[in-house]
Structures are given as structure tokens and as C-alpha cells.
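In terms of my numbering, the sequence shown opens at residue 1 and continues consecutively.
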Amino acid sequence: MAFSNSPWIVQLCCAFQDRRHLYMVMEFMPGGDLVTLTMNYDLPEKWACFYTAEVVLALDAIHSMGFIHRDVKPDNMLLDHLGHLKLADFGTCMKMDSSGMVHCDTAVGTPDYISPEVLQSQGGEGCYGRECDWWSVGVFIYEMFVGETPFYAESLVGTYGKIMNHKNTLVFPDDVEMSQEAKDLICAFLSDREVRLGRTGVDEIKRHPFFKNEQWTFDNIRDTVAPVVPELNSDIDTTNFDDIEEDKGHAETFPPPKAFVGNQLPFIGFTYFKENQLEFLLYGFSVCFVLEQLKKKLDQLEEQLDHEMQAKDELEQKCKYEQRVEASLRQLERERALLQHQSAESLRKVELEAGRKRCLENELNSLKDQFEDLKKRNQQSQISNEKNIELENQLKEANAMLMAEKEAVAQLKKSQTEAQKHAQSLEISLRETKEQCSQLENDKVELENQLRGMHTELEEEKRDCRLGTETIADLQGRISSLEEKLSELKASLTQVQTEKMELQKKLNCLEKEKSNQDINLTFKIKSLQQSLELEEAEHKATKAKLADKNTIYKSIEEEKSQALKELESTLKEERSLKQQMEGKLLQLEKDYSMLDCDYKQAQLKLEDMHGQKEILSEEVKQLTLRLEQETQKRNLMQNDLKMQNQQVSALRSSEKQFKQDLNHLKDMKQILDKEKQETDGQLRELKDQLEAEQQFITLYKTQIHELKEECNEKNKAYKALQQDSLAKQLESSLTNADTERLARSVAEEQFSQLQKEKIMKDKLTEVMNRKEKGRGGHRGIDTQILRKEKENRMLQLQLRAEKEKLNTTIYKYQKDLNDMQALIAEENQARLELKLALDSKDCDIERLRSQITSLSIHSLDTTSIGSGNDLETADGYPDSRLEGWVSLLLKNSKRSAWDKKYVVVSSKNILFYNSEQDKDQHLAYMSLDISKLFHVRPVTQTDVYRADPKEIPKIFQILYDNEGESKREQEATVETTSNIDRNNLISHKGHEFVVTLYHFPTNCESCSKPLWNVFKPPPAIECRRCHFKFHKDHLDKKEEVFAPCRVNYDMSTARDLLVLTSSKEEQQHWVSHLLKRIPKKNPTRSPQSSALTSPTEPQLQLPSRPSPRLSPRNSPQLSTHRGAIRSSRQQQASGKSRSGLCFFFVLLPVKLLMKLKNN
């Protein structure tokens, strides 16, 4: 990862070491981290979406390198000078294997962000993939919206228990605005690994609707402006980071080893500089530039081939669509011909019926004439009544026949018009299909043109491939030329070496000559000096004697001077020769060093050329193989295309024959089944409508009945709250109900009359239509449907009226109910304030009484006067009273924060004040009843692992009953967690032991040996009542080292409070004072523990010392995350009451957490 150049990762500039430390210089990110950003700003959803998208891209970059981060959290998300995000802290990264998995047997990461599968890897052969990072992203998104992590708890076991039971513990608060898309994304990340979002890749995360926006996409998010751009004063501005406190402790040193251990040896390979890597990359870039161009061309060719394949698929789909359209066109033409035939037949039938109608009308007219004639004759001649009756019957039958024929003619006309309309619609659809066919033919022509163009492009690409092969051949030629140059360089190198040897020999000879000449010159100089001295002596001796021989002496001196000059000239010449030889020697040495450097450079170039030659040869081989594979693929694709075209043509011919036969058979079947289907469909529709109407009517009736019942119940409940006002409202409602009943009775009478009229009409229609049996059934069904529709409308009107009345009454009752609840809340608040004021005044009264008693018996021995207990005094007050400044723990998801309070301890209560002025005004913040205290004890690091280790000796814990607490500001929400499975508890001497492991410093209560280890701690047990800690081996071996449990309280109503003092001594003083005030209770066992205790356990009574431990997360000041377990008595009394709080966190092993999850 040090060599990566990803913009989503903080770069490593260099790494070095000294004798004591290792150093890594990272890229400077002046924007700070996301923790400071979330503290300084309330992040809206748009910002959260932006930073989540950048985290997703950063993790995708790490995963693509083959690593898993395993510690994704806001602390490791840094911002650059533009406000964009980068990931840091890769100390927990691990390389994935070929299957994309990681094998690790230790849980790695930050507890709040760790995933369930990583927790399950503790102590076993853990195997998980990149999905563990997506879990951490879900926790990060939740924290941005809510301000805290979803599985927050003060103790590790609480956090791990919630993570393992995440399906039940993941809750979204109602007071936080969050879109449904954000909730869906968080739930998709915080799920089991088998269904977690991102398990198949990052693309499914990018497609989530949470990331839909108009400002940026995943491709250009790095180029957009970040929501917060940091304001920097300079390039080294560090205002966005918290100040780091100086470590005043002594530097750690290695102890002097007795033998060699290698502490002083350096780490080989740790030293790194970014510039060396850049130089290497630049040097390699110049060599691989041509190969990269060839790869790009090959990629372009592959893309074009893919486009051609897609075009081919599109052409095949369009061809299939054209075939479907042609088949549908043929079918439409057949239907059109059938309809024309049917219309012609219907016209012929109409004409026949019209002829029959004319005949019948003529017969009717003739019969009427005969009837009139007969009447006249009857009047005239009084013919018998029998003939008249027969004629009347004949007339009625003729009229009935005429009506039937008229109806048949009307139906035939209707069917004719419908057939004409259907024919017109078919003609329109036929035209549209013809137009579509023409368009498809045009598209086909265009696609063929495109295909030709694609073929031409393919030929061009083949030419490009040929050019690529030619360039490869050129490269091979270049490589061969480089090899020749290399051989020439080798030959020149050998010549240089031989020249170097010859020059070295010459240099040795010259040095020998120089030494010989130096020796000769020194000998000559010495001999000349001796002769000169002799001559001077002789000159001095003979100077006095030979005064008269001056001329001779002068000549001798001249000769001597000439000889001296000659000697000096020879000396100068020898010196110049020596200097020349030394210069030549230096020049030869310089030439030798230059040749040596050239030789080394030539060797390096030779090695580089060998490496480049091997790389180029391998890449050339790969390129040739890829070219051969591509050509083979193209040939295979072309052959497949030809084969498919042949198969398509054969299938088309056979399909046409089959379609013709099928269409003929289908036409015959359709003609036979049409009338039957139409009649059956009409009957079914009518039956379905009837059933639906009946169901709706029954539903409406049941709804009216239920609404009436609800109204009556609400009336009864509300009568208990306001009897006077409800009496008037009930009277008005009764009068309204009477009027409604009267109106309803009137409506029912009208409805019954209408029903009677309908029955009469139905009877008349039955009498009139006895002969029309087939058609009469349909009419009866129609009348039933109409009647049901009218009933339905009436019932709907009644339902609406009842709903409106009910809504008005509910609105009135709800308003009154809200007023009453507000009054009750005000009364409760006033009662609480009065109780707190009363407790504070009782405390003052007790203080004044103690002062009076101390003054009255000042002369006697100074003993404390209390409730009969012999107690010591401290700070000038009796032992029952103590006061001072302490701090209470506040909830914070990142670091522990404390709120300062003034505390007064009396004989009855512990009172907490915000200031001393509140104490003088009797305005207590909280009051605890001392009789409800269970235990007081110092805490350890395992209890408050989030607190500063320096503060742990100053913190103590108060365990008390929930009923003994009175607080001014009640908390809104309470953390709910599940009980520990009773089957996993080990009961022994009143203790309820839980098997656990400790990773923080902890010692055994019996043997005082270490009970913890960072990596593989020994098995341990801890009592969840008194929090004694032991080795599990003591219990397995049945050693008598356990004192009976002296803490006896109901686990369902207990709460705890963490208190910070100013010093360790003050903490011990508070603990000892409060322990004396706790009421004495005999050690007893709970029914569950007695039932779980083994009958063979020895009950040894040993002196016990109180050392219970509870999680500080259960303190009253922590508003939203606390364990809440209600007792059965409180659940019956208050329903959804949240007053009873108790949860005791211990560091459970992962196997126990898995059992909890399964249960």
C-alpha cells in the first residue's frame, strides 16, 4: 500500500528508524478528521450522503488492492485542504486470499464498529471477507445522523452483546429526522453477512436510492466542492486538530540483556522514500510507453468487437420482432376476413328477418281487418263467443311473435353495428401494422447499412492489428539492435581494459626511471658539494700564498661559476622532467578512474537492458498470444454467425408452415368457442359482482358494528374522567341517536316499501316474460345487482355519517384527555420539587440538631450521637453527615465527560445540588434514599474502559434501588437489553457467576494472580451481584476460596451511579463513609440461584469483603443508553413504565454472546 497512488488513501512519504524508535512520515491532512467535523457541525442528510459516498469509494480502492481495513471509523477518516476524505491507519489491514477471505483467530478493531463475524472469530478459526468493512460503514452513517453509535454501552460486554443481538437492539430514535432511504441503507449494512449490502460488490451500494442527487455522481465526486472546505491560515495550520498533551512519563528503555538478543539491529526493509519509487516509475515509463499504446489499441479493438456483438444481438431481436409483427398482421387479416364474412351473414339474416317481419305485419293487418269485420258481423249477427276468443288468442300470439321478432331485429342491428365498428378498428390496426412493417423494413435497411459500416470498421481494425504486429516486429528489431550495441559495448570494454593494463605497465616503468634519475641526481649533487668544499678549502689555504696569482684564480673561479651554472641548469631540467612525469601520472590516474566509472555504468546499463529485454520479450509473447486468441475468437464468431443464420432460415421456413396449420385450426376453434366463452364470461362476471357486493355489504356492516362498539367503550372510559361534562354530552348524543334511529326507521320503512314495489315489479316482469326463459334469468340478475347497489349506497351513507360523528366525539375526548395529562404532569413535577425541597430541609434540620446536641454536651467526651451506632466523625460533622464537590458521569459516545455537583450526605438521604447557591435555596437536583442503597465500591478499568486510566483510582460506584431515586429532570429514553440466560449462570454460595475473559489489568480475588491477558486470557468467572472475580479453575477444582455473596438486591430494580472525586484519598473516604450507612442485610439466595445450586456444594462461611462491580453505563445521567429490566410488579402497575432500570455488564466470551443471540 505504500506504493499506491490512490487519491482515497493517505500517502506514506517516507519511513526511517533509529536505535530506539520507528518513524513513518505520512501525508499532512490539514482538514482534521470527521470526529471534529461532527462535533463542530450538525450534519444534514446531504452532507452525510456525500461523506458516505467518499468512504464507499475509499474502501473500494482498498478492497481492489486486495486488503481489508478492519478498523473503519470517523477517527481514521481525514480531510484534505479541499475538504475531501481520505482513509488512514492501516495497522489492522490484512491481505485477502484468492477467494477474497481473511483467516484470523483474534477480534481486531474498535468495539463500537466491530462486526458480528469478526467477534465470532475470537478464539477460533475465524473466516470473513470485505463485508466486515461495510458493517462499520453502517455504524458510521448511524453516528452521523444520531450523534452516537447504534450499539453504545459503557462496558465491552454490553457493546458486544448488542452487536450480536443487532436485530433487536438496532433502534432509530423518533426525535431524529432521517429519510426512509437512509434507514434502509443502515439496516442493509447492519445485517447478517449473508444478506449484507456490498457482499457482491460495490455496484449494488452505488445503486442504492440514498445516493440519488443532482449535484454529483460517483465518477465526479472528487472534482466537486465538498460541503465543508477548511479555512486554513497557512500550509502548516493545525487548528482543526486537538492539542496533544505532552507525555511527562519516563521514556521506556530496553533492559541490558545478558546475552545477544538483537535489539540493536535495524529492521531490514523498513526504510522507504517516495522519491526513489517515483524515479523508478519514470525510468520504467519511458520503456513501456509503446507497449501501453499497443494495449490501448487492443482494448479499443475489444470494445469495438463488443459493440459489434451488441449490434448483432439488436439486429436479431429486431428481426424476431419483425417476424412477430408479420404473424400478428396475418392473424389480423384473417380476423378481418372472418368479420367481413360475419357481417355479410348478419346482413343476410337482417334482410330475411325484415322479410319475415313484413309478412307478419301483413298477416297482422289482415287479422286485424278480419277482427274488425268479425266485430261488425258480431254486432250485426251476434256470432258466438267461442270464435271471438279464438281470434283474440290468435291476435295475442301474433303480437307476441311480432314483439319477439322486433327484439331479434334490434339485437341483429346492434350486432351488425358492433361488427362494423370492430371491422373499422381492425382496419385501423391493420393500417398501423402496415406502417410498422414499413418502418421496420426501413430500420432493417438502416441496420444493414450499419452492418456494412461495421464490416468496414472491422477491416480497418484488422489493418490496425497488422500495423500493431508490424510495430511489434519493429520493436523486436530495436531489441536486436540494442543487443548488437550491447555486444559492441562489451568489445569496447575489453579494449579499454587492455589499454588500462598497458598504461599501468608504462606507469610502472616511468616510476622506476624516475626513482633511478632521482638517485643519480642526488649522487651527483653530493659529489659536486664535496668537490666544492674541497675546492673552497684549497682556495682558503692557497689564498694567502697565491695572492700574486689572481689572474689564474679568477679564471678558475669563472670556470667554477660556469660549472655551477651548468649544474643548476641540469637540476632545473631534471625538476621540470619530474613535474611533467607527476602530471602524466595524475592524468593516467584520472583516466583510470573515468574508465572504471564507465565500466560500472556499462555493467548497470547491460543489466537494465537484459531486464528490459526479458520484460519486452514476455510482453511481446503475451501480445502475440492475445492477437492469436482474438483472431481465433473472431473466426469462431463468424462461423457461429453463419451457422445461426442458416438455422434461423431453416426454422423460419418450418415455423411458417406450423403457423399456417395452427392458425387454420385456431380459427376453427375460435369460431366454435366464441359464443360459449362470451356467455360463460358474462355469467361469471355477474356472479363475481354479486359476491363482491355481498362481501362489501357484510364488511360495511361489521365496520359499523365495530365503530359503534369502540364508540361505546370510549364513552365508558371517558365517563370515569369527567362525569359532569360527559353527562351533558351523553344527553346530546342520546337525543342525536334517537333522531338518527327515527330517521333510520323512516328510511327502513321507505326501503321496505321500495322493496315491496320492486317485488311487485319483479312478479309482473316474471308474468310478462314467462316465454323468454333464457333471457329472463339475465334480467333477474340485473335487478338483483341494482337492488344490491342501492343497498350498498345507503349503507355507505350511513357509514359516513357514523364516522363523522365518531370523529367529532373522539376529537373532543382527545382534547380533554390531553388537558388532563398535562395537569397530571404538572402535578407530578410539583410533587417532585416539593419532595426534593423537603429532603433538603430535613437535611438542614438534622444538621442544626446535631449542632445543638454538640453544643449541649460540649463538656462531655466527643462521641457521635446518632442512631445508636458507634461511628467516627470526619471533617467536623457527625458520621451521618458528609458534603463536598464531586462529579457525575455524563453520556458521550466518544470520551467520558463529567458534570460537577455539590453532594450532601445525611442520615436519610444523599442530596445532589448544581451549586452551593442551590443548596442554600433548597433546590436539589437529585435525591437518593440511603435505606435503598445496596452497595458502594471502587471501580476498576474493566468497569469503565472508556474513562481515562488516571481517573480510575478516583471513581467509585453507588448501587441503589430505583424506588429510592427522586430526580428533577426525568430521562426520556432508557436503554433496553435482554437478560443474561439463566442457563449460563453458575450459582455457588449465593453468587451468580458468569464465565468471562479479561483483556484489561485484573487480578484474582483469592490467589491475587493476574486474571487477564491481551491476547489469550485465562478463563475467569465474575459474580454479577457482588462482582468478585476468580480463576475458573478454583471453581472447577472445588477449592474453598469463595466467601458467601453479601450483596442481596432485586436485579430488576437496581441502578448504579458513577462518581468522580478529586483524589484517591477522597474516594476512599466517601466509600468508607457510605458503606457504613448501607443497611445491614443477611446473605440470602434468590430462588433462581438456589434452584441452580448444586446439592453437593459445601456451604463454607468465610469472611467476605465487598467488591462488587457494575457497569457505569447504568448511571442516571446517561440519557439514552442504559439497560432497563422491569419487574413484574412494576409492569402490572404502569404498563409501559420506564422507571425500573438495571443491567449488569460483564465481559462475556463470544460463545455466550452467540447463545444469547440464538435465544
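Cβ atoms here follow ideal geometry from the backbone N, Cα and C, with glycine treated the same way.
Being a predicted model, the structure only gives us computed values, none of them experimental.
Legend entry - Residue from F267, Y152 and Q646 with nearest C-alpha to A15: Distances from the CA of A15 to each of F267, Y152 and Q646 were compared; the closest alpha carbon is that of F267.
Inset, instruction - Compute the Euclidean distance between the alpha carbons of K512 and Q529, then round it to the nearest angstrom. - result: Their Cα atoms are separated by approximately 26 Å.
Inset, instruction - State the beta-bridge partners of H103 as determined by DSSP. - result: Under DSSP, H103 takes part in a beta bridge, and its partners are C127.
Inset, instruction - Could you tell me which residues DSSP puts in a beta bridge with E965? - result: In DSSP, E965 forms a bridge with L928.
Legend entry - Proximity below 9 Å, CB of F1028 to CB of Y945: Cβ distance not < 9 Å, so F1028 and Y945 don't count as in contact.
Inset, instruction - Determine the burial state of P1163: buried for a count of at least 16 other Cβ atoms within 10 Å of its Cβ, exposed for fewer. - result: The requested residue 1163 is not part of the displayed model; the chain covers only 1 to 1159.
Legend entry - Residue(s) in a DSSP beta bridge with C14: Beta-bridge partners assigned by DSSP to C14: V25 and F273.
Inset, instruction - Check L1058 in the structure and name its three-state DSSP category. - result: Strand at L1058.
Inset, instruction - Would you kindly check if the distance between the Cβ of Y272 and the Cβ of L87 is under 9 Å? - result: Taking 9 Å as the Cβ cut-off, L87 and Y272 do not qualify as a contacting pair.
Inset, instruction - Would you check if there are 3 or more beta carbon pairs closer than 8 Å linking the segment 138-151 to the segment 183-199? - result: Yes, the segment 138-151 touches the segment 183-199.
Legend entry - Cα-Cα separation between T853 and E846, rounded to whole angstroms: When the Cα atoms are used, T853 and E846 turn out to be separated by approximately 11 Å.
Legend entry - Cβ-Cβ distance between L197 and H81 below 9 Å: Taking a C-beta distance under 9 Å as the contact criterion, L197 and H81 do not qualify as a contact pair.
Inset, instruction - Use the C-beta contact count for Q120: other C-beta atoms within 10 angstroms, 16 or more gives buried, fewer gives exposed. - result: By the neighbour-count rule (16 or more Cβ atoms within 10 Å), Q120 is buried.
Inset, instruction - Could you confirm whether any beta carbon from chain D is found closer than 9 Å to the beta carbon of K600? - result: In the structure shown, chain D does not exist; there is a single protein chain.
Legend entry - Integer Cβ distance of G83 from G32, believed to fall under 8 Å: With 8 Å as the limit, G83 and G32 do not qualify as a contact, their Cβ atoms being about 10 Å apart.
Legend entry - Sequence-distant residues of its chain with Cβ nearer than 7 Å to W8 (five each side left out): Excluding positions up to five away in sequence, the list reads L57, A58, A61, K86 and L87.
Legend entry - Test item: CB-CB of H69 and P116 under 9 Å: Taking 9 Å as the cut-off, the beta carbon of H69 is found no closer than this to the beta carbon of P116.
Legend entry - Bridge partner(s) assigned by DSSP for Y960: According to DSSP, which records beta bridges pairwise, Y960 is partnered with L933 and R1055.
Inset, instruction - Give the single residue among T942, Q629, L627 and T110 whose Cα lies nearest to the Cα of I952. - result: The option with the nearest alpha carbon to I952 is T942.
Legend entry - Proximity below 9 Å, CB of M144 to CB of W47: Yes, the pair counts as a contact, with Cβ atoms nearer than the cut-off.
Inset, instruction - May I ask you to report which of helix, strand or coil DSSP gives Y321? - result: Here Y321 sits in helix by DSSP.
Legend entry - Short Cβ contact (9 Å threshold) for S966 with L1057: No, they are not a contact pair.
Inset, instruction - Using alpha carbons as the reference points, say which of K434, V905 and V55 lies closest to F211. - result: Answer by Cα proximity: V55.
Legend entry - Residues bridged to D899 (per DSSP): Per the DSSP secondary-structure output, D899 pairs in a beta bridge with L888.
Inset, instruction - Please name the residue, chosen from L412, L395, D369 and Q304, that lies closest to V350 on a Cα-to-Cα basis. - result: Cα-wise, what sits closest to V350 is L412.
Inset, instruction - Return the bridge partner residues of E992 from the DSSP annotation. - result: The beta-bridge partner set that DSSP reports for E992 consists of S987.
Legend entry - Top-ranked residue by Cα proximity to S850, from E827, L823 and L882: Shortest Cα-Cα distance from S850 to any of E827, L823 and L882 involves L882.
Inset, instruction - Going by DSSP, name the residue or residues bridged to H1031. - result: According to DSSP, which records beta bridges pairwise, H1031 is partnered with A1020.
Legend entry - Distance, T494 Cα to S487 Cα: Answer to the nearest angstrom: the Cα atoms are 11 Å apart.
Legend entry - Rounded straight-line distance, which links the Cα of E154 to that of L1060: In a straight line, the C-alpha of L1060 is about 16 Å away from that of E154.
Inset, instruction - Identify which residue in V72, A1054, S745 and A311 has its Cα closest to the Cα of Q450. - result: Of the listed residues, the one whose Cα sits closest to Q450 is A311.
Legend entry - Local conformation of A2 per DSSP, three classes: Three-state DSSP puts A2 in coil, outside helix and strand.
Inset, instruction - Just the C-alpha distance for T1160 and K297, rounded to the nearest angstrom, thanks. - result: The requested residue 1160 does not occur in the structure, where the chain is confined to residues 1 to 1159.
Inset, instruction - Can you say whether G126 is buried or exposed, counting buried as having 16 or more other CB atoms within 10 angstroms of its CB? - result: So G126 ends up on the buried side.
Legend entry - Sub-9 Å separation of L888 and D899 beta-carbons: It is a contact, given that the beta carbons lie within the stated cut-off.
Inset, instruction - Just confirm the distance between the C-beta atoms of K1192 and P1019, as a whole number of angstroms; I'd bet it's less than 8 Å. - result: Because the chain here runs from 1 to 1159, residue 1192 falls outside it and cannot be looked at.
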